[in-house]
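The structure under discussion appears below in the form of structure tokens.
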Amino acid sequence: MINLTDENFEKEILGENKLVLVDFFASWCEPCSVLTPILEKIADDFKENVVLMKANLDDCPLSAQKFGVEKIPTIILFKKGTPISGFVGLSNQTTIKEWLENII
Amino acid sequence: MIEEELIKKFQNYAKENGIQLNPDKKIVERIVNGLLENEKKYGKKYCPCRRISGSAEEDEKKICPCFWHKDEIKKDGRCFCGLFVRQE
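This is the structure:
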């Protein structure tokens, strides 16, 4: 699992050929802690097409601001460094899987 | 302010405003610890589910109970972070 920072954000996102699912979160955010294991399971299910990267707001304040993150969890899907979709807040495994299947 | 005192304060606030704290005590404790952590880091009890911009004016709305919590409870039954929920 790659932990993103403002220093490595662009490099990691641009350097990945698969779709990158970025989970913007914070340590004390309750909905983030619920969503994290769901995302990890989904990333494993979609591992041929998708890579999950974690972005703690404390480590990526500038990147979070750049991509309009106001509330967390915010999930943004990147394709070759460009955000192509995403969602904010808690969601369930079925909904997230359907969302990804429609994109891939 | 310690965790128990803050929980008591929020219980009173919820009662006065016709809402209630999340019945899941673990969720409440986690969020309250986040608020206390933010107070240590930023000086105010900012919601742990919102990005702190650094602009005092903009961030004022994010101090718990935040500017949006009543509308969120009306719409979703709980505030975004899950500390306050609709009265059962």
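Order-wise, the sequence lines are chains G and L.
So the first sequence is numbered by our numbering: it starts at 953 and just counts up by one.
So the second sequence is numbered by our numbering: it starts at 43 and just counts up by one.
Backbone N, C-alpha and C fix where the C-beta goes; we use that ideal spot for every residue, glycine too.
The model shown is predicted, which means the values in this text are computed figures rather than measured ones.
Cβ pair residue i, residue j closer than 9 Å
{"i": "E962 of chain G", "j": "G1033 of chain G", "result": "yes"}
{"i": "K68 of chain L", "j": "L78 of chain L", "result": "no"}
{"i": "C1012 of chain G", "j": "F976 of chain G", "result": "yes"}
{"i": "A978 of chain G", "j": "L1004 of chain G", "result": "no"}
{"i": "R93 of chain L", "j": "A1016 of chain G", "result": "yes"}
{"i": "Y84 of chain L", "j": "D66 of chain L", "result": "no"}
Residues of its chain near residue i, where Cβ-Cβ distance is below 7 Å and the 5 sequence neighbours each way are ignored
{"i": "A56 of chain L", "result": "Q62, L63, F126"}
{"i": "N1001 of chain G", "result": "K970, L971, I1056"}
{"i": "Q129 of chain L", "result": "G60, I61, Q62"}
Buried or exposed (CB count within 10 angstroms, at least 16 for buried), residue i
{"i": "G124 of chain L", "result": "buried"}
{"i": "S97 of chain L", "result": "exposed"}
{"i": "T1026 of chain G", "result": "buried"}
Short CB-CB distance (under 9 Å) between residue i and chain L
{"i": "P1035 of chain G", "result": "no"}
{"i": "A1007 of chain G", "result": "no"}
{"i": "A978 of chain G", "result": "yes"}
{"i": "G1038 of chain G", "result": "no"}
{"i": "I1024 of chain G", "result": "yes"}
{"i": "V1021 of chain G", "result": "yes"}
{"i": "P1013 of chain G", "result": "yes"}
{"i": "A995 of chain G", "result": "no"}
{"i": "P983 of chain G", "result": "yes"}
Cutoff 9 Å: residue i Cβ touching any chain G Cβ
{"i": "I73 of chain L", "result": "yes"}
{"i": "F126 of chain L", "result": "no"}
{"i": "G85 of chain L", "result": "no"}
Beta-carbon separation (whole angstroms), residue i vs residue j, contact threshold 8 Å
{"i": "L1042 of chain G", "j": "P983 of chain G", "result": "5 Å"}
{"i": "V974 of chain G", "j": "I1028 of chain G", "result": "5 Å"}
{"i": "K1006 of chain G", "j": "M953 of chain G", "result": "6 Å"}
{"i": "F998 of chain G", "j": "L1052 of chain G", "result": "6 Å"}
Own chain partners of residue i with C-beta closer than 6 Å, once the 5 adjacent residues on each side are dropped
{"i": "F122 of chain L", "result": "C91, E114"}
{"i": "G76 of chain L", "result": "P90"}
{"i": "F1030 of chain G", "result": "I965, V972"}
Residues of its chain near residue i, where Cβ-Cβ distance is below 8 Å and the 5 sequence neighbours each way are ignored
{"i": "L991 of chain G", "result": "L973, D975, L1004, I1027, I1048"}
{"i": "V74 of chain L", "result": "E45, L48, I49, F52, L125"}
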